[in-house]
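**Q** One structure, as structure tokens, below. Some questions next.
Numbering (full-length UniProt numbering), first residue to last: 1 to 200.
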């Protein structure tokens, strides 16, 4: 089993020396409000769509300030492509990482979020919080510099409201792990009026 396949957590130690391994992350940093950024229409038009500061501000205009301790996750609709690797990585050459084309986060949006809000996680429903065009992985490094975790390969986001859910990230507690598989789940009020209000 790999630490970094399918739905998993990247711990800060993944790329930052001296930062937390997966077994060192406290439970309170694995539970929090879920903020879902629905960019499915944008990602359908631009397959390398990047979450922008505008996306974050648009969410706040609708639902208010991103709450402290939130996990902010992109929903591009990409989870529908699993488990087919050519579809997941959007390439005809699965052996060449430089050909992978998937939606993700821009560095500017991740930096703004980490600078201006207090979040526990930044996530995607694609394989990486960074684009694959380049080797520096700036979003990963920026996230880990603040001891925030990355969530990759998150699935079933359409079943959540855009606001109002609580997310749980029960990652395997691997000793000195740089990441771990996890079966993320969430809770939210079952009232139909609540779902109608917050999923639109």
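All residues carry an ideal CB built from backbone N, CA and C; glycine is no exception.
Within the chosen definition, does the segment 33-49 reach the segment 6-25 through at least 3 CB pairs nearer than 8 Å?
**A** No: the two stretches stay apart, fewer than three of their Cβ pairs being nearer than 8 Å.
**Q** What residues match up with residue 8 in a beta bridge as DSSP calls it?
**A** Note: residue 8 sits in a beta bridge opposite 152, 181.
**Q** Helix, strand or coil for residue 57, going by three-state DSSP, please let me know.
**A** In the structure shown, residue 57 sits in a helix (DSSP, three-state: H, G or I).
**Q** Can you have a look at residue 196 and say buried or exposed, based on whether 16 or more other CB atoms are within 10 angstroms of its CB?
**A** Here the model assigns residue 196 a pLDDT of 49, short of 50, so the residue's position is not dependable, and the following value carries that caveat. Exposed, by the Cβ-count rule.
**Q** Say whether the segment 78-93 touches the segment 50-62, bearing in mind that this needs 3 or more beta-carbon pairs closer than 8 Å, one atom from each stretch.
**A** With a cut-off of 8 Å, the segment 50-62 and the segment 78-93 do not count as touching, because too few Cβ pairs lie within range.
**Q** Following the continuous beta strand (DSSP E) through residue 143, name the residue where it begins and the one where it ends.
**A** Premise fails: residue 143 lies in the alpha helix (DSSP H), 138-145, not in any beta strand (DSSP E).
**Q** What does the alpha-carbon distance come out to for the pair residue 160 and residue 136?
**A** The straight-line gap from Cα to Cα measures roughly 32 Å.
**Q** Does the segment 124-136 come within contact of the segment 148-156, defined as at least 3 CB pairs closer than 8 Å?
**A** Yes: at least three Cβ pairs fall under 8 Å.
**Q** Have a look at 5, 74, 26 and flag the residue whose alpha-carbon is nearest the alpha-carbon of residue 104.
**A** Nearest C-alpha to residue 104: 74.
**Q** Taking buried to mean at least 16 other C-beta atoms within 10 Å of its own C-beta, is residue 189 buried or exposed?
**A** Exposed, since its Cβ has fewer than 16 Cβ neighbours within 10 Å.
**Q** Going along the chain, which residues of its own chain have a beta-carbon closer than 8 Å to the beta-carbon of residue 16, five neighbours each way excluded?
**A** Contacts found: 141, 144, 145.
**Q** Just to confirm, is the Cβ distance from residue 7 to residue 184 under 8 Å?
**A** Taking 8 Å as the Cβ cut-off, residue 7 and residue 184 qualify as a contacting pair.
**Q** Are the Cβ atoms of residue 120 and residue 69 separated by less than 8 Å?
**A** The answer is yes: Cβ separation under 8 Å.
**Q** In three-state terms, what does DSSP make of residue 66?
**A** Correct three-state label for residue 66: coil.
**Q** If I'm right that residue 9 touches residue 110 with Cβ under 8 Å, what's the distance once you round it to whole angstroms?
**A** Actually they do not touch by this definition, with Cβ atoms about 16 Å apart.
**Q** Let's see if you can read the secondary structure: which residues bound the alpha helix (DSSP H) around residue 174?
**A** Element bounds for residue 174: n/a, residue is neither H nor E.
**Q** Between which two residues does the alpha helix (DSSP H) carrying residue 165 extend?
**A** Segment 165-168 is the beta strand (DSSP E) holding residue 165; no alpha helix (DSSP H) there.
**Q** Shortest alpha-carbon distance to residue 116 belongs to which of 150, 57, 106?
**A** Closest by alpha carbon: 57.
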